[in-house]
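Going line by line, the protein sequences match chains X and S. Take the first sequence: its position 146, counted from the start at 1, is 197 in our numbering, and no numbers get skipped. Take the second sequence: its position 4, counted from the start at 1, is 7 in our numbering, and no numbers get skipped. Here the structure comes first, spelled out in structure tokens, and everything after it is commentary.
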Amino acid sequence: MEDKKEDVDLKLIKYTQEGLPLTRTPYKDIGTAIGISEEEVIQRLKNLLETGKIRRLAASIAHRKIGINANAMCVWKVPSDRVDEVGKIMAKFEEVTHCYERPTYSDWEYNVFTMIHGYTDEECEAVIEAIKKQTGLNDYVVLYSEKEFKKVGVRI
Amino acid sequence: MILCDTDRKILHRLQSNLPLESRPFLALSKELGIDEDTIIERIKYMIDNKFVRRLAPIINTQAMGREATLAAIKVPEDRIEEVSEIVNKYTGVSHNYLRKGKNKEIPYNMWFTMSAKDDEELRNNLQEIEDRTGLIVRSMPTVKKFKIGVKFKIY
Chain X
52 MEDKKEDVDL KLIKYTQEGL PLTRTPYKDI GTAIGISEEE VIQRLKNLLE
102 TGKIRRLAAS IAHRKIGINA NAMCVWKVPS DRVDEVGKIM AKFEEVTHCY
152 ERPTYSDWEY NVFTMIHGYT DEECEAVIEA IKKQTGLNDY VVLYSEKEFK
202 KVGVRI
Chain S
4 MILCDTDRKI LHRLQSNLPL ESRPFLALSK ELGIDEDTII ERIKYMIDNK
54 FVRRLAPIIN TQAMGREATL AAIKVPEDRI EEVSEIVNKY TGVSHNYLRK
104 GKNKEIPYNM WFTMSAKDDE ELRNNLQEIE DRTGLIVRSM PTVKKFKIGV
154 KFKIY
């Protein structure tokens, strides 16, 4: 039973992951295509959102195209007992789109990663300055992307 | 930039969830004060002109049972193209960037994200990249997530 449910969810995601039908009744049209009712499509999408299997049902913006050209990955060396406190402060900035704790290595001591998106490098740097001020952290590296080799949404 | 105020308004709203009801764009039209068919037409325009990549479910790889990581490699200057081609061939690789430290030197220059159906496949893929390139791949999977939610201010 569980397997069957998963199969339909998978089918639904695979059918929609390249884009919803742009019609007045997209859920009905998805249902018609994969053989379930409009109500079932809506209910399944609700469940997938509630269980976190899909993060959002939303637009993915080509941020460079709309002028958000700066993308800085800023990595921070944070004492382990301050990771939670600091992570929460960083996450509050609108320009910080991702904030994760990651493992360190002998040649890599930076354990908190922030992705910062802005219209300009200056805008990203102002956010970094504000984070430094609010957290008191000083050991960090700003990594700008020099070249984009690949950028696609996650597909299953 | 050729987005009009209407497009910006739609785009701003569409970064959050589309309503889950029979006529989602009708629901949006009430929120935004823009006609339903106009909304649909403008979304098509923004997709056709590549301002929007897609309007679709954004998958949480981990919740779907997949494993993911951010990986880094120190690639010699003269092998960058070759190594990026090897890495990009994996369908689980969604981002791959050449990065440089601005205020400090860093030991790696190629940074990519990879997901796989489980931990075993992920480890095998990373191992395969090491074998095929002869370079060390540093895997940095998420320990703790504080934020993920790419929403942009639309000016």
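All residues carry an ideal CB built from backbone N, CA and C; glycine is no exception.
Collapsed DSSP secondary structure at residue i in the structure displayed
i: Met124 (chain X); result: strand
i: Met166 (chain X); result: strand
i: Ser111 (chain X); result: strand
i: Ile182 (chain X); result: helix
i: Val78 (chain S); result: coil
i: Asn99 (chain S); result: strand
i: Glu24 (chain S); result: coil
i: Leu73 (chain X); result: coil
i: Val134 (chain X); result: helix
i: Arg56 (chain S); result: strand
i: Glu34 (chain S); result: helix
i: Ser157 (chain X); result: coil
i: Val140 (chain S); result: strand
Identified DSSP bridge partners for residue i
i: Ile62 (chain S); result: X:Ile105
i: Ile151 (chain S); result: X:His149
i: Gly104 (chain S); result: X:Leu194
i: Lys202 (chain X); result: S:His98
Residue i versus residue j - alpha carbon distance
i: Gln68 (chain X); j: Thr136 (chain S); result: 32 Å
i: Ile13 (chain S); j: Ile42 (chain S); result: 7 Å
i: Tyr100 (chain S); j: Ile37 (chain S); result: 39 Å
i: Ile61 (chain S); j: Val137 (chain X); result: 27 Å
i: Gln18 (chain S); j: Ser111 (chain X); result: 7 Å
i: Pro22 (chain S); j: Ala30 (chain S); result: 7 Å
i: Glu199 (chain X); j: Ile83 (chain S); result: 12 Å
i: Ser157 (chain X); j: Ile76 (chain S); result: 14 Å
i: Arg75 (chain X); j: Ile109 (chain S); result: 51 Å
i: Gln94 (chain X); j: Ile105 (chain X); result: 13 Å
i: Asn162 (chain X); j: Met124 (chain X); result: 13 Å
i: Val96 (chain S); j: Thr171 (chain X); result: 27 Å
Beta carbon of residue i nearer than 8 Å to that of residue j
i: Ile85 (chain X); j: Tyr66 (chain X); result: yes
i: Asn128 (chain S); j: Val78 (chain S); result: no
i: Lys148 (chain S); j: Tyr151 (chain X); result: yes
i: Val193 (chain X); j: Lys105 (chain S); result: yes
i: Ser118 (chain S); j: Ala71 (chain S); result: yes
i: Val90 (chain S); j: Phe115 (chain S); result: yes
i: Arg56 (chain S); j: Ala113 (chain X); result: yes
i: Arg102 (chain S); j: Glu197 (chain X); result: yes
i: Met143 (chain S); j: Ala59 (chain S); result: no
i: Val92 (chain X); j: Gly82 (chain X); result: yes
i: Asp58 (chain X); j: Leu99 (chain X); result: no
i: Glu44 (chain S); j: Phe28 (chain S); result: no
i: Lys53 (chain S); j: Lys116 (chain X); result: yes
i: Glu146 (chain X); j: Glu176 (chain X); result: no
beta-carbon residue i near the ligand FMN non-hydrogen atom, thresh 7 Å
i: Asn120 (chain X); result: Among the components modelled here there is no ligand, and therefore nothing to report on the ligand FMN.
Practice item. For the segment 179-188 of chain X and the segment 49-66 of chain S, state whether three or more C-beta atom pairs, one from each stretch, are separated by less than 8 Å. Key: Segments in contact, no.
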